[in-house]
Each structure stands twice: as C-alpha cells, then as structure tokens.
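The number in this note's numbering is simply the position in the sequence shown, starting from 1, with 50 added. Think of the CB as a built atom: it goes at the ideal place given N, C-alpha and C, for glycine as much as any other residue. Presented below is the structure to which this report refers.
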Amino acid sequence: LLGSEAACGTTAGASSNFGEADDVRLVNTGSTNRLVSITDSSNNVVATFTLIAGEVTFVRKKREEKIFAAHAEVLAVGVVTP
C-alpha cells in the first residue's frame, strides 16, 4: 500500500493521485452506485465509470492522473503491484 485508505474527493479540484500510484484500489462502502472520474494533472476528466454499491475494484492510471468520486463513501488507496 502507498498510504492509508481515504475517502475520495468529490470534485476535480479535490481529486488525488494517491501517492502517484499507478494502481489504485477503490471500494464503494455505500448502498448507492457512484460515478468515479479520472482526471489529468490539469483536472480535465479523461475517463469515468460507475462503481456499484459494495463493489471493490482496482484502477490502473498514469502516475500524474487523479481520481475523484460522486460521494465520499467511495474510499481509495494506492497500491504497489509487481
């Protein structure tokens, strides 16, 4: 792990690169599906996907890209992969 699991920011301006991780583990702790967005270093959205309620997934991104979600009940942490 590259730090502690934390709530995702809920705007592009509050997005995080999670320790410049290439891979990020996300979990939707809520009971509602949530939109997750990936931005470039200038906060332009480059990709989005829906994280189903209760789902855990891993996202591969560029180190400088950042992630935010539609609600803070989406938690994330950068991970190291071999």
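Which residues DSSP lists as bridging Asp73, in chain order: Arg110, Val129
Closest residue to Ile88 among Glu123, Leu76, Gly80 (Cα-Cα distance): Leu76
Distance CB(Arg84)-CB(Asn93) smaller than 8 angstroms: no
DSSP three-state assignment for Ala64, whether helix, strand or coil: helix
Cα-Cα separation between Val74 and Phe118, rounded to whole angstroms: 12 angstroms
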